[in-house]
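**Q** The following block contains the structure, expressed as structure tokens.
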Amino acid sequence: MSTTEASRVHFRTCNLCEAMCGLRIELKGERITSIRGDEEDPFSRGHVCPKALALKDLHEDPDRLRHPLRRTATGWERVSWDAALDEAATRLHAVQQAHGKDAVASYLGNPNVHNLGNMVFAPALVKTLRSRNRFSATSVDQLPHQLVSYAMFGHQLLIPIPDLDHTRHLLVLGANPLASNGSLMTAPDIRARLRAIQERGGKLVVVDPRRTETAAIADTHVFIRPGTDALLLLALVHVALVEHTPRPNHLSTRLEGLDAVKELVRDFPPERTARHTGVPAEVVRGLARDFITSESAVCYGRMGLSTQPFGSLCQWLINVLNITTGNLDRRGGAMFTQPAFDIVGGPRAMGLGRGSLGRWKSRVRGLPEFGGELPSAVMAEEMLTPGEGRIRALVTLAGNPVLSTPNGAQLERALAGLDFMVSLDPYLNETTRHAHLILPPVSPLERGHYDVAFHVLAVRNTAKYSPPLFPPAPDAHEDWQTTLELQHRLQNLRRGRPSLRQTLLHQALRRMGPERLLDIGLRMGPHGARFNPLRKGMSLAKLRESPHGVDLGPLQPCLPSRLQTKDRRIHLAPEALTADVRRLRDTFPEHTASDVETGDERLLLIGRRHLRDNNSWMHNVQGLVKGKPRCTLMMHPEDAARLGLSDGMSAVVTSRVGEVTVPVAVTGDIMPGVVSLPHGYGHRREGTGQRIAAEHAGISHNDLTDELSVDVPSGNAAFNGTPVRVKPAGVSPAASTPAA
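Here the UniProt record's numbering is used: position 350 in the sequence shown is 350, and no number is missing along the way.
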């Protein structure tokens, strides 16, 4: 290497998870020599997690696709961009001409929310398809949050965020921030922020079926049976409303439905719920008392709650608890952000939609749409079930639903039978191997970045733009360029001829790109010039001048002005949620014993994640998968002894939909009757092109999860609490059955 190569430093936001950590990237020529935390970033203050180093590996990964590929009878062949885009548009259009517009479906994966271009351009492509069969990772993740926010506050993204830096009491249910770096609570250096709560005399309480990394540092950890969190929350709200006086503070005149909620929770005292949750009544009252009497408090629940059969009830009751104890829209409680690029309160054209529910339903099972999407749990059956409206073609954008949606094996069979499939993706993975065309984007370091979504979910208001570090190759396409070109071709095919108006609009958008649209949104946002006429407001130019980011201050009370309901009131008792309490009551009758008491030999399967994982798309990075294998079945010593298993042995795990064999990790960190597998693994499928991932394949958690198990109000997949049976590998069912 030449000693005359110039050194330079690039400042950037890491886009590999929700935490938005600031990075300081050092280069020698065009080679990255160092990635570390940016100590001048006002939000992350020098913190990074192990994933940050993966940006270099992802950029340099020889397995990452760099040119469009077409699948042929003899393998994959390289094609030009024009040929690939023309073929994709022609074949999608042909399917819709022959079978109707709903015959083409779309699926958007989690990486889209980490991509500025896709956030502002991908919705237009999906809209151009005009299909009701729209799917995304939302309905295998946070859909209950969005449904509840829409029903209570008027917008699906008006999600209350814990004021983590000021609270005196944090009650965490079904979440593991130390592994997720937050999650719908964007908070870099989460360990330091949690420690700070304790250092200022506050308390961290975790309720979870597993003693997670977060539970290990908590002041209190309480085990709970999977799927029963809604009962616990009803009991907590019962104590707050029936046994104590509600105190909604300045929001009291803005509440609709307080009396209805009070009457509803009257039937759920802690004694009623204890037998099902496994949490004694005196413990519940202690949790409630500490929460109610704290100077400030906030309850926060995430994946463990959302991905269970009563996910919407859980997220609704968390809001009810925060509101009725006076902890919504106050310092140290649950608050709303005021981001510079405001996709909630800004111009409608800049947003992602307020929300909707039940405008149409899925063809086979009749599950409702939300926000223009159907639940991903119905995607496979909509492909496999004959009849009018059957899905015959699919467009995927940065998603791997074979590993990330329930009953992945069924979806594999469905994808194999499609007439046509096109994937915008950088890898040949478990899903895209079924595509007829793969259109790869540039690497994350070859495009500009602004976190449109995660500034809306952050524990502090900041703004930061990251320019590209490297120029893309001359024949490379950013994601937004691909979606824009495909959209334009589809529009022309539909009209039968080029449209002058559409052509001019297409040319204008191509010139503008995502950065110009970002600039417009910043200028029109709450920190832009129109709200600050006497001083220079927020703009892209201002962010370019501030490579470390701009601090816009802590979260501030902003109700009722931030509410998006038509009457500017909080709807505390939405009918879609209060009605679902009946289903909960029927599932857990007051005088019926729990499965544990009746001796049911099934175990309940829950998921988990690791700090060095991010769903399925980082397992091809050696630095993140090295070390002791993480894809193991966690099991309590009592269950292991009863089933004849010991640490390191292989076990066969069977559910209604499938069976896997996996090593056992015996640990007291999980409660009896519960087992846990990580999600995102399962890289053993043939025909993929990720060599490192294949060497650390593991098994897919979603080869066991059941597509028929959903949260009814939202349709969100219910991964957690899947009933399974476990036996030692190589042992017959009769031999592994415990003695009576």
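Idealized CB from N, CA, C, for every residue including glycine.
Just list the alpha helix (DSSP H) runs in the segment 431–495, keeping only unbroken ones of 4 residues or longer that don't cross its boundaries, in chain order.
**A** Within the segment 431–495, the complete alpha helix (DSSP H) runs of at least 4 residues are 479–495.
**Q** Judging by CA-CA distance, which residue of 14, 555, 53 and 621 is the nearest neighbour of residue 458?
**A** Out of 14, 555, 53 and 621, 555 has the C-alpha closest to the C-alpha of residue 458.
**Q** Measuring alpha carbon to alpha carbon, tell me which of 486, 427, 538 and 346 ends up nearest residue 683.
**A** That would be 427, whose Cα lies nearest to the Cα of residue 683.
**Q** Determine the burial state of residue 250: buried for a count of at least 16 other Cβ atoms within 10 Å of its Cβ, exposed for fewer.
**A** Classification of residue 250: exposed, given that the 10 Å Cβ count is below 16.
**Q** With a threshold of 16 other CB atoms inside 10 Å of the CB of residue 386, please say whether the residue is buried or exposed.
**A** By the neighbour-count rule (16 or more Cβ atoms within 10 Å), residue 386 is not buried but exposed.
**Q** Pairs of beta-carbons, one from the segment 544–563 and one from the segment 454–472, closer than 8 Å: are there three or more?
**A** Yes, the segment 544–563 is in contact with the segment 454–472.
**Q** Tell me the DSSP secondary structure of residue 659 in three-state form.
**A** Here residue 659 sits in strand by DSSP.
**Q** For residue 608, count the other beta carbons within 10 Å of its own beta carbon; 16 or more makes it buried, fewer makes it exposed. Which is it?
**A** Its Cβ being crowded by 16 or more others within 10 Å, residue 608 is buried.
**Q** Just checking my contact of residue 24 with residue 11 at CB under 8 Å: how many whole Å lie between their CB atoms?
**A** 6 Å between Cβ atoms; contact.
**Q** Sort out for me which residues DSSP pairs residue 164 with in a bridge.
**A** Bridge partners of residue 164: none, in fact.
**Q** Determine which residues share a DSSP beta bridge with residue 76 and list them.
**A** Answer is 71.
**Q** Would residue 723 pass as an interface residue toward chain D - the criterion being a Cβ-Cβ separation below 7 Å?
**A** Reference to chain D is not applicable here, since this structure consists of a single protein chain.
**Q** Among the candidates 46, 193 and 487, whose CA atom is the shortest distance from the CA of residue 85?
**A** Of the listed residues, the one whose Cα sits closest to residue 85 is 487.
**Q** Helix or strand or just coil, what does DSSP make of residue 719?
**A** In this structure, residue 719 counts as coil in the three-state DSSP scheme.
**Q** Counting along the chain, where does the alpha helix (DSSP H) carrying residue 360 start and finish?
**A** Counting along the chain, residue 360 falls outside any alpha helix (DSSP H), though it belongs to the beta strand (DSSP E) covering 357–361.
**Q** Candidates 441, 382, 564 and 610: which alpha carbon is nearest residue 625's?
**A** With distances taken between Cα atoms, residue 625 lies closest to 610.
**Q** According to DSSP, which residues form a beta bridge with residue 11?
**A** BP columns for residue 11 point to 24.
**Q** At a cut-off of 6 Å, would you count residue 249 as near the ligand MG, judging by its Cβ distance to the nearest heavy atom?
**A** Ligands displayed in this structure: none; no statement on the ligand MG is therefore possible.
**Q** Can you give, in chain order, each stretch of the alpha helix (DSSP H) that sits fully within the segment 561–625 and has at least 4 residues?
**A** Listed in chain order, they are 575–578, 581–587, 595–598 and 622–625.
**Q** In the DSSP assignment, what residue or residues form a beta bridge with residue 169?
**A** Per DSSP, 203.
**Q** I want to know whether the segment 321–330 touches the segment 436–454 - three or more CB-CB distances under 8 Å.
**A** Too few Cβ pairs lie closer than 8 Å, so no.
**Q** Closer than 6 Å by C-beta to residue 110: which residues in its own chain qualify, once you throw out the five before and the five after it? Chain order, please.
**A** The residues are 137 and 615.
**Q** Scan the segment 506–546 and note each continuous alpha helix (DSSP H) run of 4 residues or more that stays entirely inside, going in chain order.
**A** Runs of the alpha helix (DSSP H) inside the segment 506–546: 540–544.
**Q** Does residue 197 come out as helix, strand or coil in the three-state DSSP assignment?
**A** Three-state result, residue 197: helix.
**Q** Below 8 Å on the Cβ atoms is my guess for residue 722 versus residue 655; work out the distance and round it to an integer in Å.
**A** Sure, about 6 Å apart at Cβ, within 8 Å.
**Q** Using a threshold of 7 Å, state whether the C-beta atoms of residue 182 and residue 19 are closer than that.
**A** Taking 7 Å as the Cβ cut-off, residue 182 and residue 19 qualify as a contacting pair.
**Q** Of the choices 657, 688 and 162, whose alpha-carbon is the least far from that of residue 741?
**A** Residue 741 lies beyond the stretch modelled for the chain, which goes from 1 to 740, so this question has no answer here.
**Q** How far does the alpha helix (DSSP H) with residue 93 in it extend, from its first residue to its last?
**A** From DSSP, the alpha helix (DSSP H) with residue 93 extends over 81–99.
**Q** Residues in the same chain with beta-carbon distance under 7 Å from residue 5, minus the five sequence neighbours each way, listed in chain order, please.
**A** Within the same chain, residue 5 has close Cβ partners 28 and 29.
**Q** For residue 522, I'd like the list of residues in its chain whose CB is within less than 7 Å of its CB, leaving aside the five on either flank, ordered along the chain.
**A** The answer, listed in chain order, is 340, 341, 528, 538, 539 and 540.
**Q** Between which two residues does the alpha helix (DSSP H) carrying residue 330 extend?
**A** Here residue 330 belongs to no alpha helix (DSSP H), and DSSP marks it neither H nor E.
**Q** Should residue 9 go down as buried or exposed, given a rule of 16 or more other Cβ atoms within 10 Å for buried?
**A** Result: exposed.
**Q** Given this structure, state the Cα-to-Cα distance separating residue 293 from residue 313, to the nearest angstrom.
**A** Residue 293 and residue 313: Cα-Cα distance of roughly 24 Å.
**Q** Quick check: the segment 407–423 against the segment 468–481, are at least 3 beta-carbon pairs closer than 8 Å?
**A** No: the two stretches stay apart, fewer than three of their Cβ pairs being nearer than 8 Å.
**Q** Give the straight-line distance between the Cα atoms of residue 221 and residue 269, rounded to the nearest whole angstrom.
**A** Answer to the nearest angstrom: the Cα atoms are 21 Å apart.
**Q** Work out the CA separation of residue 526 and residue 741 for me, nearest whole Å.
**A** What the structure shows of the chain is the stretch from 1 to 740, and residue 741 is not part of that stretch, so it cannot be assessed.
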